[in-house]
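Okay, so here's the structure we're looking at.
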Amino acid sequence: MRRIRNSLLFLVLGVLPVWLSACGDSASSGSNPGNSPNYTISLSSSSITAAPGGSATTQLTLTPQNGFTGTVSLSLVSSSGAAVSGITLSPATVNVGGSNPVNQTLTVSVATGVAANTYSLKVRASSGSLTKEANLTLIVQSGPSFTISLNPTSLTATQGESRTIRLTLTRQNNFTGTVSLSLVNPPAGVTISPTSLNVGSSDVQRDLTLSTTTSTPVGQHTLTLKAASGSIERTATVTLVVNQVTTFNVNTTADTIDADPGNGQCADSNGNCSIRAAVMEANALGSSVIINIPAGTYTLTRSSSIDEQGDDLDLRTTITLRGADRDTTILDGNDSTRLVQVHEGRSARIENLTIQRAGNGAAVWNYGGALVMERVTLRNNRRNALYQEGWSSSTALQDVLVQSNGTESNYDGVYVSSGSLSMNNVAVTGNARSGIGAFRANLTLSNVTVSSNGDSGVVATGDFFGGSTATLLNVTVSGNGGSGVYNYGTATLLNVTVSGNGGSGVYNYGTATLTNVTVSGNGGSGIYNIGTATLTNVTVSGNSTTSSYGGGGIYNWGTLNLAFSTIVNNTAPRGGGMRIGSGTVRLKGVILANNTATGGIGPECEGSLVSNGYNLIRSNTDCSFTRDSTDILNQDPSLGSLADNGGFVQTHLPLVGSPVLDRVPASACTDLSNNPLATDARGIARPQNGGCDLGAVERN
Numbered sequence: 000m001r002r003i004r005n006s007l008l009f010l011v012l013g014v015l016p017v018w019l020s021a022c023g024d025s026a027s028s029g030s031n032p033g034n035s036p037n038y039t040i041s042l043s044s045s046s047i048t049a050a051p052g053g054s055a056t057t058q059l060t061l062t063p064q065n066g067f068t069g070t071v072s073l074s075l076v077s078s079s080g081a082a083v084s085g086i087t088l089s090p091a092t093v094n095v096g097g098s099n100p101v102n103q104t105l106t107v108s109v110a111t112g113v114a115a116n117t118y119s120l121k122v123r124a125s126s127g128s129l130t131k132e133a134n135l136t137l138i139v140q141s142g143p144s145f146t147i148s149l150n151p152t153s154l155t156a157t158q159g160e161s162r163t164i165r166l167t168l169t170r171q172n173n174f175t176g177t178v179s180l181s182l183v184n185p186p187a188g189v190t191i192s193p194t195s196l197n198v199g200s201s202d203v204q205r206d207l208t209l210s211t212t213t214s215t216p217v218g219q220h221t222l223t224l225k226a227a228s229g230s231i232e233r234t235a236t237v238t239l240v241v242n243q244v245t246t247f248n249v250n251t252t253a254d255t256i257d258a259d260p261g262n263g264q265c266a267d268s269n270g271n272c273s274i275r276a277a278v279m280e281a282n283a284l285g286s287s288v289i290i291n292i293p294a295g296t297y298t299l300t301r302s303s304s305i306d307e308q309g310d311d312l313d314l315r316t317t318i319t320l321r322g323a324d325r326d327t328t329i330l331d332g333n334d335s336t337r338l339v340q341v342h343e344g345r346s347a348r349i350e351n352l353t354i355q356r357a358g359n360g361a362a363v364w365n366y367g368g369a370l371v372m373e374r375v376t377l378r379n380n381r382r383n384a385l386y387q388e389g390w391s392s393s394t395a396l397q398d399v400l401v402q403s404n405g406t407e408s409n410y411d412g413v414y415v416s417s418g419s420l421s422m423n424n425v426a427v428t429g430n431a432r433s434g435i436g437a438f439r440a441n442l443t444l445s446n447v448t449v450s451s452n453g454d455s456g457v458v459a460t461g462d463f464f465g466g467s468t469a470t471l472l473n474v475t476v477s478g479n480g481g482s483g484v485y486n487y488g489t490a491t492l493l494n495v496t497v498s499g500n501g502g503s504g505v506y507n508y509g510t511a512t513l514t515n516v517t518v519s520g521n522g523g524s525g526i527y528n529i530g531t532a533t534l535t536n537v538t539v540s541g542n543s544t545t546s547s548y549g550g551g552g553i554y555n556w557g558t559l560n561l562a563f564s565t566i567v568n569n570t571a572p573r574g575g576g577m578r579i580g581s582g583t584v585r586l587k588g589v590i591l592a593n594n595t596a597t598g599g600i601g602p603e604c605e606g607s608l609v610s611n612g613y614n615l616i617r618s619n620t621d622c623s624f625t626r627d628s629t630d631i632l633n634q635d636p637s638l639g640s641l642a643d644n645g646g647f648v649q650t651h652l653p654l655v656g657s658p659v660l661d662r663v664p665a666s667a668c669t670d671l672s673n674n675p676l677a678t679d680a681r682g683i684a685r686p687q688n689g690g691c692d693l694g695a696v697e698r699n
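No gaps in the numbering here: position 441 of the sequence shown is 440 in numbering that gives the first Met the number 0, and each next residue is one more.
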C-alpha cells in the first residue's frame, strides 16, 4: 500500500508542473496586458520655467502600442496626485488615430497669484482604465516687477506752491509697460504730475511735480505715492510741510505803489492796498501770495523807469490774482500798456477777472513761467490776449473766453511760440487774425470752440528744427476766415468738427491723425494734405473749392490713409471728391460718392488709388485703381443728409436698404494697420448686425 501511495504522489507531483506550465501559456496568449492596446508618454523637457501670469511649453510624445487608438485625456497633478491650484494645462485631450507616435505641444499656464517656487508635477494621460504619467518640474520665477524710491523725502511749500521730487523706478525681471502714478488719500488740493510713465528697456528717473492750492491744509502731511501696473503696486512716502499763504486784500482802484516793499504790509503812501502795491510787496517777500480783488474796474495808469512801479504788473514770485467775479472785476490797460507779465521760472494764477484794453504788447505775457487762468475773460485787447515764449513755459486755461482781440496790426487771439498750452472749456472767437497760433509748441485743446476769427482757427507751425504738437479733443473749429486747422507738425484730432471755414478745413503739412472727425462746408478743400494723414471714421462733406488744383473733398500730395470714412457732396473744378496730385492714397471701407467736378474731370476722384477692399465708389471715371472683389462700383450709397445722429460730430446715416450696410465681415472690421475698429464716429459699437457698415457711421 505504501508503494502504491508513493507512486500516486510522484505521479501528482510530476503532473503538477506540466499543468501549471500549461496554465501559464494560456494566460500569455489570452489575457496578458502586454499584448493589449496600450501607450507610453514622454516629455521633450521635464523642467520648464514661467512667471506668474505667464506660461511655458513642453512637447508630449504619445506612442501607441498594440493598435491603441482613441482620445486620451490630459491633466496636470502634483507629485502626490492631487489637483494643482492656479496652474493649468492645455490642451485637455489628444487624439490617437494610427500607429505612429503623436507629438503635441503642451502649454502650462501660471495664474498671477501663484507664488514663486519649484513645483513637482505630473502630466497625466488617461484613457479608459489606462493611466500614464510623466514627471514635470515647474519653476515659477518672480514675474517682471519694479521698485520705486523718492528723493528728497521731505519738502516744504507754501499754500499754492509746487515742488519737484525725483522718482527712481528700478526694473526687475525685464519689466516694461505703462505705470500709473497717484497719491493715496492726499490732503485737499495736493496733486501729482505726470500721472503715468512708460518704462522701456532701462530704469527710469523722472521729475514729478507736487502741487498744492491755497486750500491745502497747513501743517505736516505724509504723502504716499502709488505706482501701479496691472497687479503690481509699489508705494513710497514723502513728507510735505505746508505753510500758510500770505493774503493781501485790495481796497482801492487807484494805481499806486507800495510804500515799503518787503515789510509784509500792502500799503501805499495813504495806507491803501492797490493791486500794484500788493504785487510789489509779494515780489519783495518772495513767497506765495494771494491778492484778493473786489468788484470794480482797475485801470493801470502809471509809467515809470522802474519796472515794477509802472506799466504792467510784474509777477516775480508765486502770485494769485483773484477777482470777485469776472463780470464785475475788471483789469483795464487803458489802451496803452500790457497788463500782466509772468516772469521766468515763476508760477501765477489769475482767477475771476476780465482783462481788457491792453495797448503796448499782449494783455498777458508769459515769459518762461507757469500760468493758470480760470474763469477769465480776455477781450478787446489791441494785440494778443495771451502771448507765451520760453521752452519751459506753460499756460493752462480753464473756463476762459478769448474774444475780439488783436485789432491793432492783425494779431492772433492766443499765440504760443514755445512751451505748452492747454485749454479746457474755452471759447476763442472774433479775434482779428487766427484764433490760436503756435510755433514749436505743444497744444492740448479739450472742449474748445474756435470760431469767427479773421484768419485760421488753429495754426500749429514750426521750422527746420521741429514743428508743434497739437491734440484736439471734443473741439469745434467753425466760421473762421482761413483754414480751420493748419498743421505743420504733429496733430491728433479726436471728436472734432471743422466746418464753414473760408479756406481748407484741415491743411496738413506734417503728420495728422483724424478720428471721429467731420469736415464740412469749408470754402477750400475739406482736407489739403501735403504730409502724412490717417483718417478713421471721418466725414468729409459739402466742401467746395474753386482752385484749379481741385480736390473738393480732399486734395492729396502726400501719404493718405482712409478707413471707414465718408466723402460725399463735395465740389471742385476737378476731382470733386478727391484729387491725387501725387503721393499714395489707400482706402478701406470708404464711401466716395455724389461729388461734383464742375470742369468734368473726375467727379468722384482723379488720380491713382489703392483699394484695400470694401469701398463704394460711385464712379471711377478718371480714377485709376485695381478693384478689389469686395468693392462696389456705380451704386448710390443711399445716405441720409448730414445731421446730428448722436455723438459729437454730424454724420450721414445710411438709409434702410443701403448697399453699404453690413458689408464688411466682423473679422475685417479693422483699420489699415489691422487694428480692430470697435466703434463708429459717434462711439456706437461696430458691428451692429454681424457685419460693419461702410463709411464713418454704423446704422444701429
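We put the CB at the ideal spot given by N, CA and C, even for glycine.
* To do: Note the first and the last residue of the continuous alpha helix (DSSP H) segment covering residue 458.
  => Here residue 458 belongs to no alpha helix (DSSP H); instead the beta strand (DSSP E) covers 457-460.
* **For residue 282, the first and last residue of its enclosing alpha helix (DSSP H)** => 274-284
* Between residue 676 and residue 96, what straight-line distance do the alpha-carbon atoms span, to the nearest angstrom? -> 42 Å
* Asked: Between which two residues does the beta strand (DSSP E) carrying residue 254 extend?
  -> First-last for residue 254: undefined, no H or E at that position.
* Looking at the structure shown, is residue 697 part of a helix, part of a strand, or coil, going by DSSP? -> Correct three-state label for residue 697: coil.
* Could you give the residue range of the beta strand (DSSP E) that holds residue 219? -> 218-228
* Asked: Any idea if residue 218 is buried or exposed, counting beta-carbon neighbours within 10 angstroms, 16 or more meaning buried?
  -> exposed
* Would you kindly work out how many angstroms separate the C-alpha atoms of residue 514 and residue 535, rounded to a whole number? => 5 Å
* **Three-way DSSP call (helix, strand, coil) for residue 334 in this model** => coil
* For residue 306, which of helix, strand or coil comes out of DSSP? -> helix
* **With 16 other Cβ atoms within 10 Å as the buried cut-off, status of residue 20** => Any reading at residue 20 needs caution, since the residue's pLDDT is 35, under 50, leaving its predicted position unreliable; the model's value is listed next. Looking at its Cβ environment, which holds fewer than 16 other Cβ atoms inside 10 Å, residue 20 is exposed.
* Which residues does DSSP pair with residue 668 in a beta bridge? -> Answer is none; residue 668 lacks a bridge partner.
* Distance CB(residue 373)-CB(residue 417) smaller than 8 Å -> no
* Asked: Taking C-alpha atoms, which residue in 76, 77, 38, 87 lies nearest to residue 64?
  -> 38
* In three-state terms, what does DSSP make of residue 365? -> strand
* **residue 58 versus residue 98 - alpha carbon distance** => Those two C-alpha atoms are separated by around 19 Å.
* **Buried or exposed by the 16-neighbour rule on C-beta atoms within 10 Å, applied to residue 34** => exposed
* Can you have a look at residue 172 and say buried or exposed, based on whether 16 or more other CB atoms are within 10 angstroms of its CB? => Exposed, since its Cβ has fewer than 16 Cβ neighbours within 10 Å.
* Use the C-beta contact count for residue 452: other C-beta atoms within 10 angstroms, 16 or more gives buried, fewer gives exposed. => Burial state of residue 452 is buried, judged by a 10 Å Cβ sphere holding 16 or more other Cβ atoms.
* By DSSP, does residue 674 sit in helix, in strand, or in coil? -> coil
* To do: Assign residue 240 to buried or exposed, taking buried as 16 or more other Cβ atoms, counted over all protein chains shown, within 10 Å of its Cβ.
  => Exposed, by the Cβ-count rule.
* **Span separating the alpha-carbon of residue 149 from that of residue 213** => 25 Å
* **Distance between residue 414 and residue 365 (C-alpha atoms, nearest Å)** => Rounded to whole angstroms, the separation of the alpha carbons of residue 414 and residue 365 is 11 Å.
* **Cutoff 8 Å; reference residue 333; Cβ partners in own chain excluding five residues on either side** => 298, 299, 300, 356, 358
* Which class does residue 21 belong to by DSSP, given the choice of helix, strand or coil? -> Because residue 21 sits at a pLDDT of 33, beneath the cut-off of 50, its placement in the model cannot be relied upon, and the following sentence gives the value as read from the coordinates. Helix at residue 21.
* How long is the line joining the alpha carbons of residue 205 and residue 199, rounded to whole angstroms? -> 13 Å
* Which one or two residues does DSSP pair with residue 438 in a beta bridge? -> 460
* Exposed or buried, what is residue 435 when buried is set at 16 or more other beta-carbons lying within 10 Å of its beta-carbon? -> By the neighbour-count rule (16 or more Cβ atoms within 10 Å), residue 435 is buried.
* Exposed unless 16 or more other CB atoms sit within 10 angstroms - verdict on residue 337 -> The residue is buried, with at least 16 neighbouring Cβ atoms inside 10 Å.
* Asked: residue 400 and residue 422: beta carbons closer than 8 Å?
  -> In this structure, residue 400 lies away from residue 422, with their beta-carbon atoms at least 8 Å apart.
* Is residue 409 helix, strand or coil when you go by DSSP? -> coil
* **At least three beta-carbon pairs within less than 8 Å, the region 73-87 to the region 119-126** => Touching, per the Cβ criterion.
* Asked: Ordered along the chain, which non-local residues of its own chain (more than five positions away) have a Cβ less than 6 Å from that of residue 708?
  -> The requested residue 708 does not occur in the structure, where the chain is confined to residues 0 to 699.
* To do: Check whether the region 263-282 touches the region 221-232, counting contact only when three or more Cβ pairs, one atom from each stretch, lie closer than 8 Å.
  => The region 221-232 and the region 263-282 do not touch, with fewer than three beta-carbon pairs separated by less than 8 Å.
* Unbroken stretches of the beta strand (DSSP E), 3 residues or longer, contained in the region 630-657 -> 638-642, 650-653
* Based on the DSSP output, what are the partners of residue 352 in its beta bridges? -> 375
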